[in-house]
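Only one structure is covered here, and it is reproduced in the block below.
Number of protein chains: 2
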Amino acid sequence: MKLNKVTKARPRRRYEDACGAAHALDLLGERWALLVVRELMFGPKRFSDLRADLPGISANVLTQRLEGLEAAGILVRRRLPPPASAQVYELTSWGYESEPIFQALGRWAARSPKHDPRLPLSASSLILSFRTMIDPAKAKGAGGTIGLKFGNETFRLRLSGGKVQARRGAINDADLILEGSPPVIAAAIYGGQPLATLEAQGLVRIMGDRDLASRFVTLFPLPPKAA
Amino acid sequence: MKLNKVTKARPRRRYEDACGAAHALDLLGERWALLVVRELMFGPKRFSDLRADLPGISANVLTQRLEGLEAAGILVRRRLPPPASAQVYELTSWGYESEPIFQALGRWAARSPKHDPRLPLSASSLILSFRTMIDPAKAKGAGGTIGLKFGNETFRLRLSGGKVQARRGAINDADLILEGSPPVIAAAIYGGQPLATLEAQGLVRIMGDRDLASRFVTLFPLPPKAA
DNA sequence: CTGTATCCGTGTTGATACTG
DNA sequence: CAGTATCAACACGGATACAG
Chain A
59 MKLNKVTKAR PRRRYEDACG AAHALDLLGE RWALLVVREL MFGPKRFSDL
109 RADLPGISAN VLTQRLEGLE AAGILVRRRL PPPASAQVYE LTSWGYESEP
159 IFQALGRWAA RSPKHDPRLP LSASSLILSF RTMIDPAKAK GAGGTIGLKF
209 GNETFRLRLS GGKVQARRGA INDADLILEG SPPVIAAAIY GGQPLATLEA
259 QGLVRIMGDR DLASRFVTLF PLPPKAA
Chain B
59 MKLNKVTKAR PRRRYEDACG AAHALDLLGE RWALLVVREL MFGPKRFSDL
109 RADLPGISAN VLTQRLEGLE AAGILVRRRL PPPASAQVYE LTSWGYESEP
159 IFQALGRWAA RSPKHDPRLP LSASSLILSF RTMIDPAKAK GAGGTIGLKF
209 GNETFRLRLS GGKVQARRGA INDADLILEG SPPVIAAAIY GGQPLATLEA
259 QGLVRIMGDR DLASRFVTLF PLPPKAA
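As structure tokens, this is what we get:
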């Protein structure tokens, strides 16, 4: 039993720079930190959910990042009410306000010549990409509630006014439900794979308003590559 | 003389993730990379300028970052015409398009309870902050060309339509010239220090349209802290 | 003067194993 | 399930030496 846990008062590596961007990097510029925030962007998750959704992160690094982000006021750890006595990590409202950072990064990276869309894609990343890439002009007339189902995780999207809102949660009231895996849905929307083909291959299930589905997949145009 | 430059085929640490934000971090998520890009945002610089403007970076790390950013197509190295046979690093047009990333980071960090505005501030950071924080409504009616002079580095700002354009370069045609150090100008604009006081203390020189100066310093409101 | 290469002490990261 | 412990590999930052 080690009691001499000196903890070293962490002289964490910081940029000594008043620039806002530099300060932001002090707070969430460490490896994995932004991706942890991304995974929490549509609602709280448990430690093991985060580990599962961030393949490659190791337990000790995840622990450290959660500590750091909590200390910075970006997330809080909550204990769920007695029945499910689990712990979850949830962004603070300031934490949720970091979304434009992901959108700026994503929009810029979409033009990267080296971007490989065939790598693994998490559900949160996909939903975030919808909010980033939606074309307000094209989506102007479109409206409705869309449920996305990935395994047993569901997201409820509301399309209106040229924007998408999104949140993890129930999709009972959805006009349309799309079921599949994030990469397959991405192939339909960004990769030009016809939904009908994917449905015939059993990779996607479409329930409800199929016209809405046909339209939905056209609302997210990709910019030209920069190369 | 070492010829066996094996170069190690750089197994750089990457996220294996199709998410655009993750890819962006693969390209410029390493320590210092974003700050190097920031310093180049208003025009090319030489190696030693970068070193001087990024206190804390070491020469070998700067070399590595420049190599990485060049390989990624974010910047190019150019050799200046014979008279001044110096090398400069310049963002590609895609590199320049990363500016919204800094704006998102800066806007978010401006609300951080832990942000310390008294740390050193580079000229590029300050100019970038103008483009980030300008209030289009307040700036709607303001117009003019403003020169900022920091030592022997000058920036030319054009104010119009509620926006600011900025570029390093000549300021002969400016309606107003402000001379000082970046932290002092920041104190005037973000710290509520009256320009007149700073001028009386000899920390700022104001040449030209003083009404424009008075108005200019009010165009960049800070958001409330998140705490 | 403008970079580049190498050594070196230290801290960070990541894989595995392990504990409550 | 939610982390900790340990350890090896790597990245960082400083110094110094070198090259055009």
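Taken in order, these protein sequences are the chains called A and B.
Residue 125 in my numbering sits at position 67 of the first sequence, with consecutive numbering throughout.
Residue 133 in my numbering sits at position 75 of the second sequence, with consecutive numbering throughout.
Backbone N, C-alpha and C fix where the C-beta goes; we use that ideal spot for every residue, glycine too.
Note that the structure is a prediction, hence the values are computed from the model and not measured.
For secondary structure counted as the beta strand (DSSP E) over 3 or more consecutive residues, the stretch 216-241 of chain B holds these complete runs in sequence order: 221-226 and 234-237.
Listed as beta-bridge partners of residue 206(A) by DSSP are 213(A) and 236(A).
The three-state secondary structure of residue 103(B), taken from DSSP, is strand. For the pair of segments examined, the stretch 102-120 of chain B was found not to touch the stretch 153-167 of chain A: the number of CB pairs separated by less than 8 Å stays below three. For the stretch 218-252 of chain B, the residues whose beta carbon sits under 8 Å from a beta carbon of chain A are, in order, 241 and 244. Under the 7 Å criterion on CB atoms, residue 116(B) is classed as non-interfacial with respect to chain A. The way I'd put it, the stretch 181-190 of chain B does touch the stretch 213-229 of chain B; three or more beta-carbon pairs between them come closer than 8 Å. Counting every other CB atom within 10 Å of its CB across the protein chains shown gives residue 283(A) a total below 16, marking it as exposed. Around the beta-carbon of residue 214(A), 16 or more other beta-carbon atoms lie within 10 Å, marking it buried. Judged by DSSP secondary structure, residue 273(A) falls within the alpha helix (DSSP H) whose first and last residues are 268-274.
Between residue 123(B) and residue 95(B), the C-beta gap is not smaller than 7 Å, which leaves the two residues out of contact. Residue 136(B) and residue 229(A) have their alpha carbons spaced roughly 55 Å apart.
Neighbours of residue 215(A) in chain B, taken as residues whose beta carbon is under 8 Å from its own, are absent, since the nearest beta carbon is some 18 Å off.
By the criterion of a C-beta distance shorter than 7 Å, residue 264(A) is surrounded in its chain by 236, 253, 257 and 271, once the five residues flanking it on both sides are discounted.
Counting of Cβ neighbours within 10 angstroms places residue 259(B) among the exposed residues, the total staying below 16. Listed by position along chain B, the residues whose Cβ is nearer than 7 Å to that of residue 160(A) are 79. By the 16-neighbour rule on beta-carbons within 10 angstroms, residue 103(B) is buried. Below the 9 Å Cβ cutoff, chain A contributes 73, 75, 77, 79, 80 and 83 as neighbours of residue 93(B), in chain order. Of the residues assessed, residue 121(B) falls on the exposed side of the cut-off, its CB having fewer than 16 other CB atoms within 10 angstroms.
In terms of Cα proximity to residue 100(B), the closest of 234(B), 274(B), 212(B) and 266(B) is 212(B).
7 Å or more divides the Cβ of residue 147(B) from the Cβ of residue 138(B). For residue 129(A), no Cβ of chain B is located within less than 7 Å of the residue's own Cβ. Beta-carbon to beta-carbon, residue 82(A) and residue 90(B) are separated by about 14 Å, too far to satisfy the 8 Å threshold. Uninterrupted alpha helix (DSSP H) stretches at least 4 residues long and entirely within the stretch 166-202 of chain A occur at 181-191 and 194-197, given in chain order.
Nearest in C-alpha terms to residue 248(A), of all of 173(A), 144(A) and 278(A), is 278(A).
In this model, residue 238(A) and residue 246(A) are separated by some 11 Å (Cα to Cα). Between residue 274(B) and residue 226(B), the alpha-carbon positions lie close to 19 Å from each other.
At a Cβ-Cβ threshold of 7 Å, residue 92(B) and residue 86(B) count as neighbours. Not flagged as an interface residue toward chain B: residue 102(A), since no C-beta distance is shorter than 7 Å. According to DSSP, residue pairing for residue 89(A) in a beta bridge does not occur. Using a CB distance cut-off of 7 Å, residue 156(A) counts as an interface residue toward chain B. When beta bridges are read from the DSSP output, residue 259(A) appears opposite no residue.
Taking 7 Å as the threshold, the shortest C-beta distance from residue 183(A) to chain B falls below it. Following the DSSP letters along the chain, one finds residue 147(B) inside the beta strand (DSSP E) bounded by residues 145-149.
Secondary structure note for residue 127(B): its alpha helix (DSSP H) is the uninterrupted segment 117-129.
Taking all protein chains in view, the Cβ of residue 193(A) is surrounded by fewer than 16 other Cβ atoms within 10 Å, so the residue is classified as exposed.
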